[in-house]
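From first to last, the protein sequence lines stand for chains S and D.
Just so we're aligned, residue 89 is where the first sequence starts under our numbering, counting upward by one.
Just so we're aligned, residue 30 is where the second sequence starts under our numbering, counting upward by one.
Data block below; observations after.
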Amino acid sequence: MRLASLPGVRMKIGLFIPCYIDAFYPNAGIATLELLEKLGQDVEYPMNQTCCGQPMANSGCNKDAAAAEALFVKNFARYDAIVMPSGSCTHHVRDNFDAIEQTDDVRHVRENTFELVEFLHDVLKVQDFPWAEFPHKVGLHNSCGTLRALRTASMSELGEPFFSKPMDLLGKVKGISFATPKRPDECCGFGGTFSVTEEAVSAKMGTDKVRDHHQAGAEYIVSADTSCMMHQQGCAERAGVPIRFIHIAEILNGARE
Amino acid sequence: MKVKPVNHAKAAEAFIEDTAHMDFHDERLWDLRQKRDGQMHILPEWQELRARASAIKEHTLANLPEYLEQFEANAKKNGIHVHWAADGAEHNRIVGEILEKHGAKSLIKSKSMVTEECCMREYLEPRGVVVTETDLGERIQQLDNQMPSHIVVPAVHKLIPDVAKIFAEHYHTDPNDNSAQSLAWQQRLAARPVILSADAGMTGGNFVVAETGSFVVCTNEGNADLSATVPGLHIATIGIERLVPRMADMGVFIRLLSRSALGSPITQYTTHFRGPQKGSEMHVVLVDNGRSHRLGMEDFWTSLKCIRCGACMNTCPVYRRSGGLSYGAVYSGPIGAIIDPTFNERKYSTLPFASTMNGSCTNVCPVKINIHEQLYKWRRVLAEHHELPFVKREVMHMAGKLMGQPTLYRAAINGTEVALSTMPRFVLYNWLNPWGKHRELPHPVKQTFHSWYKQNRLKNKKKEGESA
Numbered sequence: 089m090r091l092a093s094l095p096g097v098r099m100k101i102g103l104f105i106p107c108y109i110d111a112f113y114p115n116a117g118i119a120t121l122e123l124l125e126k127l128g129q130d131v132e133y134p135m136n137q138t139c140c141g142q143p144m145a146n147s148g149c150n151k152d153a154a155a156a157e158a159l160f161v162k163n164f165a166r167y168d169a170i171v172m173p174s175g176s177c178t179h180h181v182r183d184n185f186d187a188i189e190q191t192d193d194v195r196h197v198r199e200n201t202f203e204l205v206e207f208l209h210d211v212l213k214v215q216d217f218p219w220a221e222f223p224h225k226v227g228l229h230n231s232c233g234t235l236r237a238l239r240t241a242s243m244s245e246l247g248e249p250f251f252s253k254p255m256d257l258l259g260k261v262k263g264i265s266f267a268t269p270k271r272p273d274e275c276c277g278f279g280g281t282f283s284v285t286e287e288a289v290s291a292k293m294g295t296d297k298v299r300d301h302h303q304a305g306a307e308y309i310v311s312a313d314t315s316c317m318m319h320q321q322g323c324a325e326r327a328g329v330p331i332r333f334i335h336i337a338e339i340l341n342g343a344r345e
Numbered sequence: 030m031k032v033k034p035v036n037h038a039k040a041a042e043a044f045i046e047d048t049a050h051m052d053f054h055d056e057r058l059w060d061l062r063q064k065r066d067g068q069m070h071i072l073p074e075w076q077e078l079r080a081r082a083s084a085i086k087e088h089t090l091a092n093l094p095e096y097l098e099q100f101e102a103n104a105k106k107n108g109i110h111v112h113w114a115a116d117g118a119e120h121n122r123i124v125g126e127i128l129e130k131h132g133a134k135s136l137i138k139s140k141s142m143v144t145e146e147c148c149m150r151e152y153l154e155p156r157g158v159v160v161t162e163t164d165l166g167e168r169i170q171q172l173d174n175q176m177p178s179h180i181v182v183p184a185v186h187k188l189i190p191d192v193a194k195i196f197a198e199h200y201h202t203d204p205n206d207n208s209a210q211s212l213a214w215q216q217r218l219a220a221r222p223v224i225l226s227a228d229a230g231m232t233g234g235n236f237v238v239a240e241t242g243s244f245v246v247c248t249n250e251g252n253a254d255l256s257a258t259v260p261g262l263h264i265a266t267i268g269i270e271r272l273v274p275r276m277a278d279m280g281v282f283i284r285l286l287s288r289s290a291l292g293s294p295i296t297q298y299t300t301h302f303r304g305p306q307k308g309s310e311m312h313v314v315l316v317d318n319g320r321s322h323r324l325g326m327e328d329f330w331t332s333l334k335c336i337r338c339g340a341c342m343n344t345c346p347v348y349r350r351s352g353g354l355s356y357g358a359v360y361s362g363p364i365g366a367i368i369d370p371t372f373n374e375r376k377y378s379t380l381p382f383a384s385t386m387n388g389s390c391t392n393v394c395p396v397k398i399n400i401h402e403q404l405y406k407w408r409r410v411l412a413e414h415h416e417l418p419f420v421k422r423e424v425m426h427m428a429g430k431l432m433g434q435p436t437l438y439r440a441a442i443n444g445t446e447v448a449l450s451t452m453p454r455f456v457l458y459n460w461l462n463p464w465g466k467h468r469e470l471p472h473p474v475k476q477t478f479h480s481w482y483k484q485n486r487l488k489n490k491k492k493e494g495e496s497a
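As structure tokens, this is what we get:
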């Protein structure tokens, strides 16, 4: 559509949709696909995909991640870039994907896997989303995977100059405004299996997180990570905190509500 | 008998249920984190200081035997008696013998995590030595018969009424005293006579300087200085990893320590001990207690860089919401979770999982220990050593198999489409049930992404292919 705004990159992209997005938040997946298509990319979703191996590896059971990792490489080795709307999956593939032998294919996949925001911001360098308008006050939630592993934004602990790739992108959306929570980069407590093995702490962290955003005046919590939002939504609904959740891809793709 | 792993999750749940304590604990420690940020912003060279501190510590640890011997030789020249303790038992025996030689029956001490590690009080008290903690928080914990819950602020999990109750029981003060100042004054009144009549004093040591044979103690209450100087017999118990090569290195560490710990530029007292005063004795007990073993662990040796500032605890969202005691160990929080398993893998096997691995701890660490990466590595080690709960191991094994087989996986996911009101079958196992305890389940959807794609993209692509 707005190919002129792109630096002329057209790649063959493999789309990875994490299991929880596939099963519970298909709209985030659909928005990711449509957005990449609108930006002129050639996107395919390999039908035999399952998981990147992260849940097993994060639990210490690295050997049990091998089958998922092997299948991931089999599905995605043929693409120029692998894009996924998930920071923690990207972090796993890029930084911890070592349950299988590191062949050329494995290295190719690991080096060319991108989280959606960094792909839009750093690779495609998208300058505007003319179709996008979201006249709401949103609170941005950066998952710890995108923030501290992929470094998509400045981290409060380091005192570095402010930057935020997701906010750069959202700033190009008409009508949007941002709420400022008190603890913008505190972890929300999802943490994968932590959410069940440490459910009390996890739920308390999630509830505190959604309250912080709500008190800052956010109508929506927007994030590049659906797993955090799945957890936060569960906490908000139980605690009766009136706040809505939307994936960043949906806003950038032109969602209105 | 098999050791049971610490149940952090259960203890944390109990801590959270007590809302007043939990919220105070979280806010108080978050406030320390923010004060620490404030200090960081004042110093443009903050990251350079961290890098320097880390490099000095790594260099020292890589040459530890030489620096330890250098310290010993110089300390002896200064008139300090130097002792070596391979473990907690040897440490306690050494301290016991020094006290016995002097006929010392009362020992006043300032905060020391190493003596907690060695369970020194438990050793000395049955042998007729009365041990009195002089740090306010540590004394509260001693009177309440609890371990310190934080390495810098040991009673931070308690509220004023808790302290009033404890003091009323032991000092016969007003149980309804609601003033922190007044309670601190009560402690002062109770502690002074004990300090003035004590036979021996004990401190820890924050830093040990090899080239000068001296050591440095940083406190805010001045109690360490009283403990060290009033009785005329000073024993300092110090872990062997506390060395720095040169006095000049102290400039780096002193600038980082209190800023990281409490967000104050420096501790109220920074005392350099170089030798005994006239007519008194000074002993340093250098404690190994597993440190040499840790130094040999490729993935975990850098945990020995720790200067015990507690910044990782203050920033840790899990620690703030679970309290230090929930870790069931001398060292709690993120640093505890990577150190404790080196003492006992089974007992502390749960601690590396008491984390979301969010990485904030690593970012605040003044000596740049990659704490969250070590947590990740510990999980692997513990799984390989079969220290994971059976159910978790089985769930992961099954999930791993399922994820390798697209057809089976799809059938499992499609379970959602058949039974719309439930989670996919593969996540229905009891192990995952706690999700719903304080949280709603995700809403079921009409169609998975997979099925949407098949319907909306694959069909079109097939058509395109047919027409081409």
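Cβ coordinates follow ideal geometry from the N, Cα and C atoms, glycine included.
Residue i, enclosing alpha helix (DSSP H) - first and last residue
| i | result |
| --- | --- |
| Arg332 of chain S | No alpha helix (DSSP H) holds Arg332 of chain S; the beta strand (DSSP E) holding it covers Arg332 to His335. |
| Met317 of chain S | Thr314 to Ala327 |
| Leu380 of chain D | Unbroken run through Leu380 of chain D: none, as it is neither H nor E. |
| Phe282 of chain D | Met279 to Ala290 |
| Cys390 of chain D | Ser389 to Val393 |
| Asp178 of chain S | Note on residue identity: the sequence assigns Thr, not Asp, to residue 178 of chain S. Unbroken alpha helix (DSSP H) run through Thr178 of chain S: Gly175 to His179. |
| Asp130 of chain S | Premise fails: Asp130 of chain S lies in the beta strand (DSSP E), Asp130 to Glu132, not in any alpha helix (DSSP H). |
Residue i, buried or exposed, once every other Cβ within 10 Å from all chains shown has been counted against 16
| i | result |
| --- | --- |
| Glu203 of chain S | buried |
| Ala102 of chain D | exposed |
| Val143 of chain D | buried |
| Lys39 of chain D | exposed |
| Gly251 of chain D | exposed |
| His301 of chain D | exposed |
| Leu153 of chain D | buried |
| Thr436 of chain D | exposed |
| Ile398 of chain D | buried |
| Leu225 of chain D | exposed |
| Ile334 of chain S | buried |
| Gly308 of chain D | exposed |
| Pro106 of chain S | buried |
| Asp55 of chain D | buried |
| Glu77 of chain D | exposed |
| Gly242 of chain D | buried |
Where residue i meets chain S, residues with beta-carbon distance less than 8 Å
| i | result |
| --- | --- |
| Lys466 of chain D | Glu287, Ala288 and Ala291 |
| Asp66 of chain D | Ser244, Glu245 and Gly247 |
| Val346 of chain D | Checking the displayed sequence, the identity of residue 346 of chain D turns out to be Pro instead of Val. Glu274, Cys275, Gly277 and Met293, listed in chain order. |
Contact list for residue i against chain D, beta-carbon separation under 8 Å
| i | result |
| --- | --- |
| His319 of chain S | Arg468 |
Residue(s) in a DSSP beta bridge with residue i
| i | result |
| --- | --- |
| Thr258 of chain D | According to DSSP, which records beta bridges pairwise, Thr258 of chain D is partnered with nothing at all. |
| Glu310 of chain D | D:Leu262 |
| Ala169 of chain S | S:Ile101 |
| Asp210 of chain S | Looking at the DSSP assignment, Asp210 of chain S forms no beta bridge with any residue, so it has no partner. |
| Ile109 of chain S | BP columns for Ile109 of chain S are empty, so no partner. |
| Ala114 of chain D | D:Val316 |
| Ala241 of chain S | S:Ser252 |
Residues that residue i contacts on chain D, provided the C-beta gap is smaller than 7 Å
| i | result |
| --- | --- |
| Gly117 of chain S | Phe478 |
| Ser283 of chain S | Trp464 |
| Gly102 of chain S | Within 7 Å Cβ-Cβ: nothing; Gly102 of chain S doesn't reach chain D, min ~13 Å. |
| Tyr353 of chain S | Because chain S in this structure spans residues 89 to 345, residue 353 of chain S falls outside the shown range and cannot be described. |
| Glu325 of chain S | Glu469 |
Continuous beta strand (DSSP E) stretch holding residue i: start and end
| i | result |
| --- | --- |
| Ile309 of chain S | Tyr308 to Ser311 |
| Ile137 of chain D | Ser135 to Lys138 |
| Leu228 of chain S | Lys225 to His229 |
| Lys301 of chain D | The amino acid at residue 301 of chain D is misidentified as Lys; the sequence shows His. Where His301 of chain D is concerned, the enclosing beta strand (DSSP E) stretches over Tyr298 to Phe302. |
| Ala229 of chain D | Ala229 to Thr232 |
| Trp214 of chain D | Taken as a continuous stretch (DSSP letters only), Trp214 of chain D belongs to no beta strand (DSSP E), being part of the alpha helix (DSSP H) at Ala209 to Ser226. |
Contact test: residue i Cβ vs the ligand GTP heavy atom, cutoff 7 Å
| i | result |
| --- | --- |
| Gly141 of chain S | Only the bare structure without any ligand can be found here, which leaves the ligand GTP out of the picture. |
Interface partners of residue i on chain S, CB under 7 Å
| i | result |
| --- | --- |
| Arg409 of chain D | Gly148 and Asn150 |
| Val474 of chain D | Phe112 and Pro114 |
Q | the segment 84-97 of chain D / the segment 270-290 of chain D touching (three or more Cβ pairs under 8 Å) | A | yes
Q: Determine, using beta-carbon pairs with one atom in the segment 111-130 of chain D and one in the segment 203-223 of chain D, whether at least three such pairs fall under 8 Å.
A: No, because fewer than three Cβ pairs between the segment 111-130 of chain D and the segment 203-223 of chain D fall closer than 8 Å, the two stretches do not touch.
**Q.** Cβ contact check for the segment 385-397 of chain D and the segment 169-180 of chain D: 3 or more pairs under 8 Å
**A.** When C-beta atoms of the segment 385-397 of chain D are compared with those of the segment 169-180 of chain D, fewer than three pairs fall below 8 Å, so the two segments do not count as touching.
Q. Are the segment 172-181 of chain S and the segment 308-326 of chain S in contact at 8 Å, needing three or more beta carbon pairs?
A. The segment 172-181 of chain S vs the segment 308-326 of chain S: in contact.
Q: Report yes or no: do the segment 293-302 of chain S and the segment 322-329 of chain S share at least 3 C-beta pairs separated by less than 8 Å?
A: yes
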